[in-house]
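Undergrad: Taking the numbering used here, the leading residue of the sequence shown gets 25, the next gets one more, and so forth.
Okay, here's the structure, questions in a sec.
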Amino acid sequence: MSSVGETRADGGKWLDAHYDPVANLYTFSSCMDLADLNGDGESKLVVGDLGTGSCNMKLKVYRGTSLVSDSTLLDLPTGLVAFLMDLHEPRIPAVAVASGPFIYVYKNLRPYFKFTLPGLEVNSLEQDAWQQAREGQIHPLSLKELLEGVREKADVPLSVRSLRFLALEPHDMDEFVSLHKQQPIRRQTVITCIGTLKKSTADEDGVSCLVIGTESSDVYILDPEAFTILSKMSLPAAPTMMDVTGQFDVEFRITVACRNGNIYILRRESAKPKYCIELSSHPVGLVRMGKNVVVGCADESLQGFTQKGKKLWKAILPAPVTTMAAMDLPTRGFQAVLVGLANCEVHLYRDKNLLGVIKTPDVVSGVCFGRYGREDGTLLMTTKGGGLIVKILKRTAAFDDRDSAPGPPPAQSVRLNVPKKTKLYVDQTLRERENGVAMHRAFQMDLSRLRLAAAKAYVKALESSLTPVSASPTEPLKMNAVVQGLGPSFKLTLNVQNTAACRPVMNLAVSFLYDENLYRMRNPYMRIPLLVPGLIYPVETFVECTSDKGISDIIKVFVLHEGKSAPLLTAHINMPVSEGLALN
């Protein structure tokens, strides 16, 4: 255990109050809370310790730097909250620990109440199968085949007993059936996350309801005194994290991160989610700041959304997120998000601005900020190796958004030294004001002449059939020609392409029109195969020059449907001058 003065890694805003690397405290942020358990105005740290994962689960209470209470838990805790359950004096909060299908409520650090989740519907076919096994009508191997068929086809999942039975080896089945066949079948869900919701007033000492998320994709709101179910809401997937705000009797919002990678927002008098936020990767941290939701994702990013799902910003982190918590200082009107990273750092963000970095000796697994002892701004962190770190925010600490690295550089806000308006600029401005009408008319005249010249060139190209692109909207074709050779024999290649999106063109032919006194062609009429969209089809033929006068002419190419005379595509090929005479 060590205690030192202050650290400079984060700009001197925090005091190192306590560090115990061997506190033997293994927990997460969801199992940590701060509460005045004795009503003496001094807050304690309440922790649900995971132990080894199979044993030594504890409910621990810290006061200052010492452990003052240590109670054994029956199962692994999945969440822990402190809440006021009644108006009795003195106002001492109770502690609710979620574990498996149960909520254990402690008052004065003594067991007070145990709430059990309602059972789920049991598959009727599964019940019939175990009834036959109870009466000895079927063999365990036949029971296995029957349960496997039920698991594949039925909408209602099998119970834990049946799933365990299906995982057994054949020689262990007889003993399992004889041991459990007389017991009734139950299907029980478990709690995945827990939170608190103010009942009727938003006061700090107001009575709160418990809000729990279950593996069966349900959210329950429990009465704080009778522990009856006040409301039940359903989700598309099992919840993993939640953040609750508002009052149950007035209006509330429950922001839930689910196992399918989405975030859903539940509202009062709505059994289904009101809004859905779809993420690019799975959420690993969730904090609600005012009307916005801040989410830490598995792709090493921190993202901000509105409560209706609109993305506001995204910040790239240097390492994966291990935990997240809210930092709220009502006395200063300051709110921010604490993000624990796998590189032994805790980053402090307000929106997308990085306000500070706290370096830790080990990877942080749990973070909690609030009033501890009599200090309002206390940061408590648990590490992966079981250590406990306590830091106190200095009263003189100030956080400035401009210190952050993201965002535009400071030079962007410096005004440019723009020179004054010159006399030439002023004269041109006066000329435009005085002759604005004449300048506009001249511009319109030049624009009309340009449009007329373009129209004349387009009409000329259409009349002379120089465009190798068809004008048919149903059969769009494109073609270009390549002439190879020095003469007297030339190779003529036509590259035909169907430019339609998905419709093929068929039953096409190509025909050539030329001067027979100058040229002779082997195939003046050829069929074109089916044209698949996007592919270029070469059509080749040979042209021989039969004249010795050293002149050339144009060969016209027509692409048309077989049996029709109207061409779909027309092109003119300027043949080169032959350097020899063809031999007959």
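Beta carbons: idealized from backbone N, C-alpha and C, even for Gly.
Keep in mind the model is a prediction, meaning the values are calculated, not measured.
1. So residue 449 is in the alpha helix (DSSP H); what residue range does that whole segment cover?
2. From 212, 250 and 227, pick the residue whose C-alpha is nearest to that of residue 239; which is it?
3. Could you say which of 585, 95 and 228 lies nearest to residue 135 if we only look at CA atoms?
4. Buried or exposed for residue 405, please, with buried defined as at least 16 other CB atoms from any protein chain shown within 10 angstroms of its CB.
5. Going by other Cβ atoms of all chains shown within 10 Å of its Cβ, with 16 needed for buried, is residue 427 buried or exposed?
6. Would residue 473 be called buried (16 or more neighbouring beta carbons within 10 Å of its own) or exposed?
7. Write down the C-beta distance between residue 110 and residue 231 rounded to the nearest angstrom, noting that I regard them as a contact closer than 8 Å.
8. Is residue 379 near residue 360, with beta carbons less than 8 Å apart?
9. Using the DSSP secondary-structure output, state which residues sit across from residue 508 in a beta bridge.
10. How big is the Cα-Cα spacing for residue 388 and residue 207?
11. For residue 87, write down the residues that DSSP places opposite it in a beta bridge.
12. Who are the Cβ neighbours of residue 48 in its own chain at under 7 Å, not counting the five residues just before and after it?
13. Once the 5 residues before and after residue 133 are set aside, which same chain residues still bring their CB inside 6 Å of it?
14. Let me know if residue 90 comes out buried or exposed under the rule of 16 or more other beta-carbons within 10 Å of its beta-carbon.
15. Assuming residue 382 and residue 399 form a contact by the criterion Cβ under 8 Å, report the distance between their Cβ atoms to the nearest whole angstrom.
16. What's the C-alpha gap between residue 369 and residue 172?
17. Please determine, among 293, 284 and 288, the residue with the shortest C-alpha to C-alpha distance to residue 273.
18. Tell me the start and end of each unbroken alpha helix (DSSP H) in the region 155 to 211 that is at least 4 residues and wholly inside, in chain order.
19. Between 191, 536, 392 and 340, which lies nearest to residue 352 when the distance is taken from Cα to Cα?
20. Candidates 373, 288 and 100: which alpha carbon is nearest residue 263's?
21. Just the C-alpha distance for residue 180 and residue 146, rounded to the nearest angstrom, thanks.
22. Go to residue 581, then tell me how far its beta strand (DSSP E) extends in each direction, as first and last residue.
23. Within 10 Å of its beta-carbon, does residue 43 have 16 or more other beta-carbons around it, so buried, or fewer, so exposed?
24. Decide if residue 346 is buried, meaning its Cβ has at least 16 other Cβ atoms within 10 Å, or exposed.
25. Step through the CB atoms of chain B and report whether any lies within less than 8 Å of the CB of residue 400.
26. What residues are listed by DSSP as bridge partners for residue 412?
27. With C-beta atoms as the reference, is residue 259 less than 8 Å away from residue 243?
28. Need the endpoints of the beta strand (DSSP E) that residue 626 sits in, please.
29. Count Cβ pairs between the region 294 to 304 and the region 324 to 335 that sit closer than 8 Å; are there 3 or more?
30. For residue 185 versus residue 209, is the C-beta spacing smaller than 8 Å?
TA: Considering the structure as presented:
1. From DSSP, the alpha helix (DSSP H) with residue 449 extends over 447 to 458.
2. Among 212, 250 and 227, the Cα nearest to that of residue 239 is on 212.
3. 95
4. With a threshold of 16 other beta carbon atoms within 10 Å, residue 405 meets it and is buried.
5. In this predicted model, residue 427 has a pLDDT of only 44, less than 50, meaning its place in the structure is not dependable; the value taken from the coordinates is given anyway. Exposed, because fewer than 16 other Cβ atoms sit within 10 Å of the Cβ of residue 427.
6. By the neighbour-count rule (16 or more Cβ atoms within 10 Å), residue 473 is not buried but exposed.
7. 7 Å
8. Remark: C-beta atoms of residue 379 and residue 360 approach each other more closely than 8 Å.
9. 515
10. Taking the straight line joining both Cα atoms gives about 45 Å.
11. Partner residues in the beta bridge of residue 87, as assigned by DSSP, are 90.
12. Excluding residues within five positions, the ones whose Cβ falls inside 7 Å are 410.
13. 93
14. exposed
15. Residue 382 to residue 399, Cβ: 17 Å. No contact.
16. Distance between the alpha carbons of residue 369 and residue 172 is about 49 Å.
17. 293
18. 164 to 177, 184 to 190 and 194 to 204
19. Here the closest residue by C-alpha is 392.
20. 288
21. 7 Å
22. In the DSSP assignment, residue 581 falls within the unbroken beta strand (DSSP E) covering 578 to 585.
23. buried
24. buried
25. Checking the listed chains, one finds no chain B in this structure; it contains a single protein chain.
26. 44 and 406
27. yes
28. Nothing about residue 626 can be reported from this structure: the residues present for the chain run from 25 to 608 only.
29. Counting Cβ pairs under 8 Å, three or more are found: they touch.
30. yes
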